[in-house]
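I have placed the structure first, in the form of structure tokens, so that the comments after it can refer back to it.
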Amino acid sequence: MERARTRRWGPGKAAAVRRLYEARRPITQVELAAHAKVSQPAVSQYLANLSDSGDAAFSNPGWLPVRDRLHDTYRSHYSSRFTEQSAWYRIDPVTAQVTDLVERYPSLIISGDVAADLIRPWRVPTVAIVYGEVDDDAMDGLGFVRADSASTASVLVRPIPDDRFDRDAELREGMRIAPLLHLVADLIDLGGDDRADAAERFASILSVRDETIVVEPAQALQHDRSVARTIEIHRVVLDKLLEDPGHVLEQAEAQLAVMHEASSDRTTPYLDAWRTLLDGPRYELVRVLTSTSQHDVELLKVSPFATLLTDEDRAEVARRAVRRRASAL
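In terms of this note's numbering, the sequence shown is residues 10 to 338.
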């Protein structure tokens with residue numbers, strides 16, 4: 010009996026699934042449709058299929074990915090369809106090889122070990138995947154030779170799958186990086202336990218505006234009631250920041266101005282520190298919001314973000330704080 014063929018996804022569904030994979034709070038059909046540039050009925054059908062296969066779950070008011078499954082589904086329905094590639098080798102470090110290629114072709118999209126290392130250093134890169142048009146003469150001119158197979162190559166050159174994939178690439182350290190879900194799929198396809206481990210770690214990658222941040226687990230749990238509550242308040246604040254950074258930062262700016270008007274000699278240094286954080290890079294703000302160090306917790310106690318919480322949020326904070334204190338005892 011002939012096996013049923015895997016239905017291939019088009020550019021629209023793949024783009025919607027990539028956006029879903031990165032969602033940290035329930036994302037609506039409207040948002041997915043706007044990102045993928047497809048109709049809402051089409052997104053509704055996508056989500057129904059993903060729900061049936063266990064790759065997505067409804068969580069009012071939207072949908073969340075099941076990340077430990079979704080990358081395999083994406084691979085089988087989308088990324089695995091692009092098997093056309095050329096394999097090349099050069100003897101120097103792979104990162105230097107990719108740098109040379111990007112200098113020659115800035116529109117290339119980078120994946121594989123080099124992209125993974127740009128997002129979060131994890132190993133010495135041994136192979137890169139580049140998506141884009143690179144002619145053979147240019148590869149020869151840059152000192153590359155044809156590899157016997159993909160397994161012996163240092164660089165694999167593939168065509169860009171479609172215009173939505175091209176649009177979803179993000180800029181990092183002067184290079185265009187493949188969308189996170191596609192990068193995870195590429196790492197798994199390249200093989201190796203360390204790449205599989207890296208793919209799992211990248212599920213914790215969060216994007217705020219144009220910067221990519223890794224939120225590390227807290228190094229210590231706090232048993233003090235006020236400390237536990239302060240930490241959990243700002244974990245909820247982080248969720249809100251990731252969901253709607255513009256609104257959250259605007260509200261924090263307004264509250265900081267109010268706090269400055271009523272400041273004292275004791276609180277002014279803390280408010281000045283918040284001013285620096287709000288004006289600075291997002292990764293430093295995220296670091297403080299997730300910190301459990303004594304210094305940062307004292308800063309969090311004088312925070313312009315606490316007024317953002319709803320009654321429902323505060324109830325959730327109370328529940329989390331009880332669990333945090335119990336775990337620390």
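Built from N, CA and C at the ideal position, the CB exists for glycine as well.
Computed from a predicted structure; not experimentally measured.
Cβ neighbours of Ser53 in the same chain (closer than 7 angstroms, five flanking residues each side left out): Taking the sequence shown and counting its residues from 1, one reaches residue 53 at position 44. Gln38.
Helix, strand or coil at Phe174 [DSSP, three-state]: Counting from 1 along the sequence shown, the entry for residue 174 is found at position 165. When secondary structure is reduced to three states using DSSP, Phe174 falls in the helix class.
Presumed contact (8 angstroms Cβ cut-off) between Arg167 and Tyr140, rounded CB distance: One-based indexing of the sequence shown puts residue 167 at position 158. One-based indexing of the sequence shown puts residue 140 at position 131. Contact holds; Cβ gap of about 5 angstroms.
Supposed contact pair Ile118 and Ala162 - C-beta distance, whole angstroms, cut 8 angstroms: Start at 1 with the first residue of the sequence shown, and residue 162 comes out as number 153. Start at 1 with the first residue of the sequence shown, and residue 118 comes out as number 109. That pair is no contact at about 17 angstroms.
Segment limits, alpha helix (DSSP H) that includes Tyr55: One-based indexing of the sequence shown puts residue 55 at position 46. Note, Tyr55: alpha helix (DSSP H), Gln49 to Asp61.
Enclosing beta strand (DSSP E) for Pro74 [first to last residue]: For this step, residue 74 is matched to residue 65 along the sequence shown. Segment Gly71 to Pro74, the beta strand (DSSP E) holding Pro74.
Proximity of Leu318 and Leu250 at Cβ, strictly below 9 angstroms: Here residue 318 refers to the residue found at position 309 when the sequence shown is read from its first residue. Here residue 250 refers to the residue found at position 241 when the sequence shown is read from its first residue. Against a cut-off of 9 angstroms, the Cβ pair of Leu250 and Leu318 comes out as no contact.
Range of the contiguous beta strand (DSSP E) that encloses Ile240: If you number the sequence shown from 1, residue 240 lands on position 231. That residue, Ile240, is in no beta strand (DSSP E); its alpha helix (DSSP H) goes Arg234 to Glu252.
From Phe174, Ala237, Pro278 and Glu293, residue whose alpha carbon lies closest to that of Glu325: Walking along the sequence shown from the start, residue 325 turns up at place 316. When Phe174, Ala237, Pro278 and Glu293 are compared, the shortest CA-CA separation from Glu325 is found for Ala237.
Reference Asp172, options Arg328, Trp18 and Ala24, closest by Cα: As a first step, residue 172 is located in the sequence shown; it is residue number 163 there, counting from the start. Asp172 has its Cα closest to that of Ala24, out of Arg328, Trp18 and Ala24.
CB contact flag (Ala156, Tyr114, <9 angstroms): Residue mapping note: residue 156 aligns to position 147 of the sequence shown, counting from 1. Residue mapping note: residue 114 aligns to position 105 of the sequence shown, counting from 1. Taking 9 angstroms as the Cβ cut-off, Ala156 and Tyr114 do not qualify as a contacting pair.
Beta-carbon spacing of Ala194, Ser62 below 9 angstroms: Counting from 1 along the sequence shown, the entry for residue 194 is found at position 185. Counting from 1 along the sequence shown, the entry for residue 62 is found at position 53. No, the Cβ-Cβ distance between Ala194 and Ser62 is not below 9 angstroms.
Any beta strand (DSSP E) of 3 or more consecutive residues that is wholly inside the segment 126 to 166: 137 to 140
Beta-carbon contacts of Gly21 that lie in its chain and below 8 angstroms, excluding the five residues immediately before and after: Here residue 21 corresponds to residue number 12 of the sequence shown, with the count starting at 1. Result list for Gly21: Ala45, Lys46, Val47, Ala51 and Arg173, in chain order.
beta-carbon Ala178 near the ligand SAM non-hydrogen atom, thresh 8 angstroms: You won't find the ligand SAM in this model; it holds no ligand whatsoever.
Leu247 versus Leu189 - alpha carbon distance: Taking the sequence shown and counting its residues from 1, one reaches residue 247 at position 238. Taking the sequence shown and counting its residues from 1, one reaches residue 189 at position 180. Approximately 20 angstroms, taken between the alpha carbons.
Residue range of the beta strand (DSSP E) that includes Ile186: Your numbering for residue 186 matches position 177 in the sequence shown. Its beta strand (DSSP E) spans residues Met184 to Ile186.
Start and end residues, beta strand (DSSP E) containing Trp97: Walking along the sequence shown from the start, residue 97 turns up at place 88. Per DSSP, Trp97 is one residue of the beta strand (DSSP E) stretching across Ser95 to Tyr98.
Proximity to Ala32 [Cα-Cα], best of Ala43, Gly71 and His256: Walking along the sequence shown from the start, residue 32 turns up at place 23. Selection Ala43, Gly71 and His256 evaluated against Ala32 yields Gly71 as nearest (Cα-Cα).
Endpoints, the beta strand (DSSP E) within which Arg181 is located: Working through the sequence shown from its first residue, we reach residue 181 at position 172. Counting along the chain, the beta strand (DSSP E) containing Arg181 begins and ends at Glu179 to Arg181.
Terminal residues of the alpha helix (DSSP H) in which Ile36 lies: Numbered from its first residue, the sequence shown carries residue 36 at position 27. Taken as a continuous stretch (DSSP letters only), Ile36 belongs to no alpha helix (DSSP H), as it is neither H nor E.
Length of the line joining the Cα atoms of Glu93 and Ala159: Position 84 of the sequence shown, counting from 1, holds the residue named residue 93. Position 150 of the sequence shown, counting from 1, holds the residue named residue 159. One C-alpha to the other measures close to 11 angstroms.
Per DSSP, cross-strand counterpart(s) of Phe67: Along the sequence shown, one-based indexing puts residue 67 at 58. Bridge partners of Phe67: Trp72.
Rounded separation between Val26 and Leu199 - CA only: Here residue 26 corresponds to residue number 17 of the sequence shown, with the count starting at 1. Here residue 199 corresponds to residue number 190 of the sequence shown, with the count starting at 1. Using only the alpha carbons, I get a separation of about 21 angstroms.
Residues sharing a beta bridge with Ser120, DSSP: For the purposes of this step, residue 120 is taken as the residue at position 111 of the sequence shown. Note: Ser120 sits in a beta bridge opposite Ile138.
Alpha-carbon spacing of His191 relative to Phe314, whole angstroms: Residue mapping note: residue 191 aligns to position 182 of the sequence shown, counting from 1. Residue mapping note: residue 314 aligns to position 305 of the sequence shown, counting from 1. In this model, His191 and Phe314 are separated by some 34 angstroms (Cα to Cα).
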